[in-house]
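Read the structure below first, then the notes.
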């Protein structure tokens, strides 16, 4: 049996695992929720004890919830992560006390790529950046250009495309887990509070689980911007590798009718 991996050719792992994680937590919250009736709890117990039915529910609803989680944009955890960098990372400040672009710029961080090219990469990387990427740096996010780069690389370089897909899948997986952890934490917190208020039960197990989820959320927020920066750098490196294609496409676009030259 082939188990799909993150970013693999059959990669649904970044969809299924966050969805299954949230599904399990939702079932636990519903079962422990003070206002859940005994009949609902009996049905949940019967479903869990029935292996074939449990497998069907897990695959069907786990994947569905994973798809729904994927509809949530990675921009929110990315923005939170950037805010974390600005607040707690002393290296995020430049000499003039402003924030460095990696902690302040919005995806796809085209300005920050320019700084990387100038400081750390060979001269041909900066030359390619100036010719192709620099003019696409807008005040708002330029996701269309970023997606264009991925599509062009996918057409001409399957190996680089696989690397891009792996990096993007990791971002999507962590983003999905972020939202799954947040929603699960809200459900568990509400259950713990109601159990305490209505029945005086402390539910130490759920409290420890909630603390573990909150810790995981903090770790994701702390590192998510770095992971997404890596995704963008992977796309830029692939476009640099295939720069002849990009330069040719750019020249053709510049010479298209109705396009100013």
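Residue numbers (the numbering used here): 1220 to 1480. Every residue, glycine too, gets a C-beta built ideally from N, C-alpha and C. All values reported here derive from a predicted model rather than from experimental measurement.
query                                                                                                                                                                  : result
According to DSSP, simplified to helix, strand and coil, what is residue 1318?                                                                                         : strand
By a C-beta neighbour count over all protein chains shown, 10 Å radius and 16 as the cutoff for buried, is residue 1237 buried or exposed?                             : buried
Unbroken alpha helix (DSSP H) runs of length 4 or more, entirely within the stretch 1252-1326: which are they?                                                         : 1257-1268, 1270-1289, 1294-1307, 1320-1323
Where residue 1397 and residue 1256 are concerned, what is the direct C-alpha to C-alpha distance, given to the nearest angstrom?                                      : 30 Å
CA-CA distance, residue 1314 and residue 1280?                                                                                                                         : 51 Å
Is residue 1368 closer than 8 Å to residue 1246 when the C-beta atoms are compared?                                                                                    : no
In the structure shown, what three-state DSSP assignment does residue 1360 receive?                                                                                    : coil
Taking a contact to mean a Cβ-Cβ separation below 8 Å, would you say residue 1179 touches residue 1440 in this structure?                                              : The chain is shown only over 1220 to 1480; residue 1179 falls outside these bounds and no answer can be derived.
Give the straight-line distance between the Cα atoms of residue 1233 and residue 1389, rounded to the nearest whole angstrom.                                          : 7 Å
On the CB-based measure, 16 or more other CB atoms within 10 Å of its CB, does residue 1366 come out buried or exposed?                                                : exposed
Judging by CA-CA distance, which residue of 1404, 1466, 1452, 1461 is the nearest neighbour of residue 1340?                                                           : 1452
Decide if the stretch 1420-1438 is in contact with the stretch 1347-1356; the criterion is three or more beta carbon pairs, one per stretch, under 8 Å apart.          : no
How would you label residue 1324, buried or exposed, when you count the other beta carbons within 10 angstroms and need 16 or more for buried?                         : buried
Here's a check: name, in chain order, each residue in its chain whose Cβ is nearer than 8 Å to the Cβ of residue 1380, leaving out the five neighbours to either side. : 1369, 1372, 1373, 1457
Under 8 Å by Cβ, that's how I've got residue 1335 and residue 1356 pegged, so tell me the actual separation to the nearest angstrom.                                   : At roughly 14 Å, the Cβ-Cβ gap does not stay under 8 Å, so residue 1335 and residue 1356 are not in contact.
Can you grab the Cα-Cα spacing for the pair residue 1477 / residue 1377, in whole Å?                                                                                   : Reliability fails at residue 1477, whose pLDDT of 49 lies under 50, so the model's placement of it is uncertain and no value is given.
Would you mind stating whether residue 1406 and residue 1289 have Cβ atoms separated by less than 8 Å?                                                                 : no
Check for me: the alpha helix (DSSP H) holding residue 1392 runs from which residue to which?                                                                          : 1377-1418
Please look up how many angstroms separate the CB atoms of residue 1322 and residue 1304, rounded, as I've assumed it's under 8 Å.                                     : 4 Å
Just the Cα atoms here: how many angstroms apart are residue 1235 and residue 1286?                                                                                    : 8 Å
For residue 1375, which of 1413, 1354, 1468 has the nearest alpha-carbon?                                                                                              : 1468
Pop quiz: residue 1297 and residue 1444 are said to be a contact at Cβ under 8 Å. What is the actual Cβ separation, rounded to whole angstroms?                        : 6 Å
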